[in-house]
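Heads up: the sequence shown begins at 161 in the numbering used here, then just goes up one per residue. Glycine included, each C-beta is placed from N, C-alpha and C at the ideal position. Since we're looking at a predicted model, the values are computed, not measured. Written out below as structure tokens is the structure these notes cover.
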Amino acid sequence: MTKKMSISTSKTSLVLFLCQIISALDVPLDSKLLEELSQPPTITQQSPKDYIVDPRENIVIQCEAKGKPPPSFSWTRNGTHFDIDKDAQVTMKPNSGTLVINIMNGGKAEAYEGVYQCTARNERGAAISNNIVVRPSRSPLWTKEKLEPNHVREGDSLVLHCRPPVGLPPPIIFWMDNAFQRLPQSERVSQGLNGDLYFSNVQPEDTREDYICYARFNHTQTIQQKQPISVKVFSMDSLNDTIAANLSDTDIFGAKPVTERQPVLLTPTGSTSTKVELRGNVLLLECIAAGLPTPVIRWIKEGGELPANRTFFENFKKTLKIIDVSEADSGNYKCIARNALGSVHHVISVTVKAAPYWITAPRNLVLSPGEDGTLICRANGNPKPSISWLANGVPIAIAPEDPSRKVDGDTIIFSHVQERSSAVYQCNASNEYGYLLANAFVNVLAEPPRILTPANKLYQVIADSPALLDCAYFGSPKPEIEWFKGVKGSILRGNEYVFHDNGTLEIPVAQKNNAGTYTCVARNELGKIQNEVQLEIKDPTMIIKQPEYKVIQRYGQVSFECIIKHDSTLLPTVTWLKDNDELPDDERFLVGKDNLTIMNVTDKDDGTYTCIVNTTLDSVSASAVLTVVARPNPPFDLELTGQLERSIDLSWLPGDENNSPITSFVIEFEDALHEPGVWRYQTEVPGSQTTAQLKLSPYVNYAFRVIAVNRIGRSQPSEPSEQYLTKSASPDENPANVQGIGSEPDNLVITWEPLKGFQSNGPGLQYKVSWRQKDVDDEWTSVIVANVSKYIVSGTPTFVPYEVKVQALNDLGYAPEPSEVIGHSGEDLPMVAPGNVQVHVINSTLAKVHWDPVPLKSVRGHLQGYKVYYWKVQSLSRRSRRHVEKKILTFRGNKTFGMLPGLEPYSSYKLNVRVVNGKGEGPASPDKVFKTPEGVPSSPSFLKITNPTLDSLTLEWGSPTHPNGVLTSYTLKFQPINNTHELGPLVEIRIPANESSLILKNLNYSTRYKFYFNAQTSVGSGSQITEEAVTIMDEAGILRPAVGAGKGYSEILFATSPVMHTVRPTFYKVQPLYPRIRNITTAAAETYANISWEYEGPDHANFYVEYGVAGSKEDWKKEIVNGSRSFFVLKGLTPGTAYKVRVGAEGLSGFRSSEDVFETGPAMASRQVDIATQGWFIGLMCAVALLILILLIVCFIRRNKGGKYPVKEKEDAHADPEIQPMKEDDGTFGEYSDAEDHKPLKKGSRTPSDRTVKKEDSDDSLVDYGEGVNGQFNEDGSFIGQYSGKKEKEPAEGNESSEAPSPVNAMNSFV
């Protein structure tokens, strides 16, 4: 049906839709709507058709109904009006039709038996209830009867009848004894459906006097008891004994023994019977048979199968139960009772009838004026039910006429209805087994549209998911629904939207641009209404890092990741499952923010782990499998088969492989006879094999075990197999590794590896040792030994070859003939020294030595080679002798020459040669003298640059440690360098070899120079040493302390005074090879050290200092240097401790200086504490006190004369003495003077003539070179003292600071 179809052509669908709306009012979508709409009555609750009540309690007959306006209620009893006002025992609940009949106050339930019917009525119609048959329950007593004892012969059948009283409803029957214990039942003894107790055959144990049948009446909660029944069973043996006691010996009589009988049916009787059951009920068919042995019951359906899933067997298969029967279950059911003697059967013909049941029950109609509709009432049953209609509880034939209504059998057709056509119609379908009654109203309404969906309802959906926007509506006639995007948008159309009949707008694939406000408009001919809803589109929740398949070893740790991405406005919850169930309640499972960790994994943790992420709008999940692997379990059930003398078959069953396939099995054996408790490797077979044929040795008591191997490791060994002792035999093999080596010049030691116990093949293992001299026609000499692996032959010639063999034997015989090996008797020291030793000097550090080989006979052993002993006698350039250190070179084999490397040039050497065998060295050859020629010298031992001036530098050096010849001269090269690493012209100077210092003059002021210095011999120039220095800048320059001679050469940087030079050298641009930090200088006190260094490289480097205790393995400690300073103070050091230090630059990977080592001074508390007790200090203080006293007297006298203090006047005239001008003649500061004597005070400023010190005047500032000749650092890193040295003629005034000097700093300053 499309939206554009007219109402007249869509009456059926519209009626059905509105019917669904009204019928859904049982669970109302909008309570306000229900309160406003008129509605005919609807029965909502009523008592059952067959209503059995407890006669001891009040009778409550229910009848509840709804309608608008609320309905009124009335009752009929047995077809006539029941006036409840005339019966004081009967009341009706307020706002209800439920009757309450008061029995508790003297009323009798029997008086109110009957058929009741309730009618609910309002202005739009009347609804009626079912006919409710009210009957009080009954639980009558058993009728008294005389019960005779039952005497039964063993093996006979027996039926104990219950015959309970007829009750309402029928009672529940069970059998018990006097102790209220249920009597045991079995295939032999069981209770039938009628309550009787059946014995297929009685046994002596069935004898008892308290078989009691009980009837329980549930409505009254009472139990009635039948009188006890006595059963006595006579066995054949006891019966024969009784008869024999009462008869004479001449009488011949005896009871027959217990005989077996074929089955006989106790119920039902005969061969056939019938059974009628109603559709939907439970069908119970019963067959109980007598017989000995006890028959077994079997059920079949003739011509068909018993219905699956609905068939059950009860009472030891004596009862066939089929639930929810239908007409298809009709047919013949056969029960067969069988024992060893035969069988019997019974056929039950089952017919399934049916009370009426609905095919189509009438449904409520809600129509608009002028519409058409139908009520359909269709039912089925067996026999087929008849259909009758009522209108407002009155047969439709006598009901008021309605021109819009037409009855056509099971259908009422309505045409062009009006509001007066509203009524409640009843459909009655009945047959002989029951009836059905249904109320359905026709409600004719004229209502404007209503929208039931709340205004401005917010819908939130995930992007790319369907969005369903509700517009639940109601109206009569049915309104038309339209949707708009936004408040004033155009009507929605197109394939991107789906419009449902219930008003819902569906966006199949919602996108971000679909978010916004949507307006639903409902209109019919009576009005129009609209409603707005909001739609928000959220980003989907995603698992961006899913858990992955894991294989973990037992007792390990494993983690699964579950990293999610979600809409920021949604709050996700993450849940972990194991095998689709909750995680075990185990502290080993740790759930983190985005992971699951399992500690100490066990086999039970194996499974599938799922991460589920839920928000209010969506849910995603990801799973991963955890496989827990471990070493395999040990094999078991080892079995030995196929025992032979030299082989046996071993089989086993593999243990659990623990999720890692078994790759192989290792078989080990134990020899309980020779090595009990020691397991040795036998063989290894593939993991797919569970049997192996094993080779055996004689005279071994074998036991085997098997070890399984997988990728994880080896299993524990299996339990040992049974033991198997093999028979003895002669040895199969001889000892291995037979050798003949003499330990002394006159013996031969024969050794061998003894056989292992399992190799002996039998008892009495011994060895036959044989030898004879080779190449001599001698017989074999043999001895037999046991429990040893060595035999010494004495009295042999020195170093003679022998043939040797060792053969194994035991009590059963000898091993196969052994192979022979060649050995030698003992060696002795060589007798002859090598001759004709010659030396050929190749160069200043390499020589070649030759010698003649010695005769082999004189070696008297195995020739191992020759040894050359050589040593330096003296250096030809230095006539001083020193301790002789001999060097040895060994040349293997029969070599007759060798090279002597690593010789020192210009030196005198001696050597000799000796032959070597296994015993030792022979005599030495006569010493051979040779000399090495001159070579190039090593670098000078140091180069020190001192006494810098404006235009000169003093160079001092040390001669090379290894001159390697006669020095002829030194070569000095130098060139200037500026701040951009440009090099000036290179100047070269030749210096005589006997010089050790040089003053370079006519240099440029404030200029850095680089020096290259080396020494020469007649052979050539040696390696050079380099150094850099700077001429001074001015008198306020920075001087650095020089490094002591003990630390080798170092750079010493200076600044010069700004003397103007007009000539500057020409520079050439040279790119530095690499940045470097060098010349680390340390000045250590007790608890701190001043560290300074020199840096070459890019500007603006950020330095750091690393230090630690020397020789310690602790990590380096790191301190950052502020700015680009080239000095730093390390504080907090331990007195008397050696430290290592190095300097690095940040950002340059691996760029740092070499290490330097310094030691802090010892604690100096004594030097500071004892100063006040020194005599000189006491005298000094006395002198100072005397001078102060004299000064005070002089001042007092002058003051009394009225004179002025000239210094005070000067101070008043010049507030700051630090800014006084310099004198032009000598550059000294202006002095304070008295008008009378003009005596200088000798205290002035160090500010230059322009009153400023400009950093750019010198490229070598304190920042760049943090040390000077006379300068030192305070503990806080500040610089102490003058920037330039004091003038020699300046009067000694101590420190020019007003502070007293620190004795500690004085002692630790550089001098």
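{"Asked": "Counterpart residues of K478 in DSSP-defined beta bridges", "Found": "DSSP output for K478 lists no bridge partner at all."}
{"Asked": "Span separating the alpha-carbon of K1027 from that of L1036", "Found": "27 angstroms"}
{"Asked": "Pick from V621, N588, I641 that is closest to R1506, judged by C-alpha positions", "Found": "In this structure the chain extends from 161 to 1471, so residue 1506 is not present and cannot be described."}
{"Asked": "Classification of W940 by the beta-carbon crowding that lies within 10 angstroms, buried from 16 upward", "Found": "exposed"}
{"Asked": "Rounded Cβ spacing between I483 and R470 (contact assumed at less than 8 angstroms)", "Found": "5 angstroms"}
{"Asked": "Where the beta strand (DSSP E) containing V1073 begins and where it ends", "Found": "1067–1077"}
{"Asked": "Spatial distance of Q967 from K887 (CA atoms)", "Found": "21 angstroms"}
{"Asked": "Rounded separation between V275 and S297 - CA only", "Found": "16 angstroms"}
{"Asked": "Three-state secondary structure (DSSP) of V1354", "Found": "helix"}
{"Asked": "Beta bridge counterpart(s) of W1031 as assigned by DSSP", "Found": "K1070"}
{"Asked": "G355 versus T258 - alpha carbon distance", "Found": "39 angstroms"}
{"Asked": "Short Cβ contact (7 angstroms threshold) for V785 with T768", "Found": "yes"}
{"Asked": "Buried or exposed by the 16-neighbour rule on C-beta atoms within 10 Å, applied to C722", "Found": "buried"}
{"Asked": "The region 1167–1187 / the region 1098–1106 touching (three or more Cβ pairs under 8 angstroms)", "Found": "yes"}
{"Asked": "First and last residue of the uninterrupted alpha helix (DSSP H) at K738", "Found": "No alpha helix (DSSP H) contains K738, which is instead part of the beta strand (DSSP E) from 733–738."}
{"Asked": "Beta-carbon contacts of F601 that lie in its chain and below 8 angstroms, excluding the five residues immediately before and after", "Found": "Q199, P200, P201, T202, R284, G285, A287, N524, L525, S582, A583, V584, Y585"}
{"Asked": "6 angstroms Cβ shell around E913 - same chain, five flanking residues per side excluded", "Found": "P895, A896, N897"}
{"Asked": "Cβ pair I496, H505 closer than 7 angstroms", "Found": "yes"}
{"Asked": "For N599 and Q384, the rounded distance between their alpha carbons", "Found": "43 angstroms"}
{"Asked": "Burial state of F1263, where buried means 16 or more other Cβ atoms lie within 10 Å", "Found": "buried"}
{"Asked": "Continuous alpha helix (DSSP H) stretch holding K1017: start and end", "Found": "1016–1019"}
{"Asked": "L1351 burial status per 10 Å Cβ neighbour count (16 or more: buried)", "Found": "exposed"}
{"Asked": "S289 in three-state terms, based on DSSP", "Found": "coil"}
{"Asked": "D1420 to L1340 span [Cα, whole Å]", "Found": "Note on D1420: pLDDT 39, under 50, position unreliable in the model; no value is reported."}
{"Asked": "Paired residues, beta bridge with T677 - DSSP", "Found": "Q694"}
{"Asked": "Sufficient close CB pairs (3 or more, under 8 angstroms) joining the region 1009–1029 to the region 1076–1090", "Found": "yes"}
{"Asked": "Closest Cα partner of S1286 within the set S1314, Y1299, E1256", "Found": "E1256"}
{"Asked": "CB-CB length for P877 against A863, believed under 8 angstroms", "Found": "About 11 angstroms; that fails the 8 angstroms criterion."}
{"Asked": "For Q222 and I332, the rounded distance between their alpha carbons", "Found": "28 angstroms"}
{"Asked": "CB of P626 within 7 angstroms of CB of Y633, strictly", "Found": "no"}
{"Asked": "Cα-Cα separation, G430 to C447", "Found": "11 angstroms"}
{"Asked": "Burial state of A248, where buried means 16 or more other Cβ atoms lie within 10 Å", "Found": "exposed"}
{"Asked": "E1378 in three-state terms, based on DSSP", "Found": "In this prediction, E1378 scores a pLDDT of 35, lower than 50, which makes its location untrustworthy; the coordinate-derived value is nonetheless stated afterwards. It is helical."}
{"Asked": "Identity of the residue in A500, N662, R439 nearest Y421 by Cα", "Found": "Here the sequence assigns Arg to residue 421, which means Tyr is not the residue at that position. It is A500 whose Cα lies nearest to the Cα of R421."}
{"Asked": "Unbroken stretches of the beta strand (DSSP E), 3 residues or longer, contained in the region 1099–1155", "Found": "1100–1106, 1113–1120, 1129–1137, 1147–1152"}
{"Asked": "Local conformation of R1359 per DSSP, three classes", "Found": "helix"}
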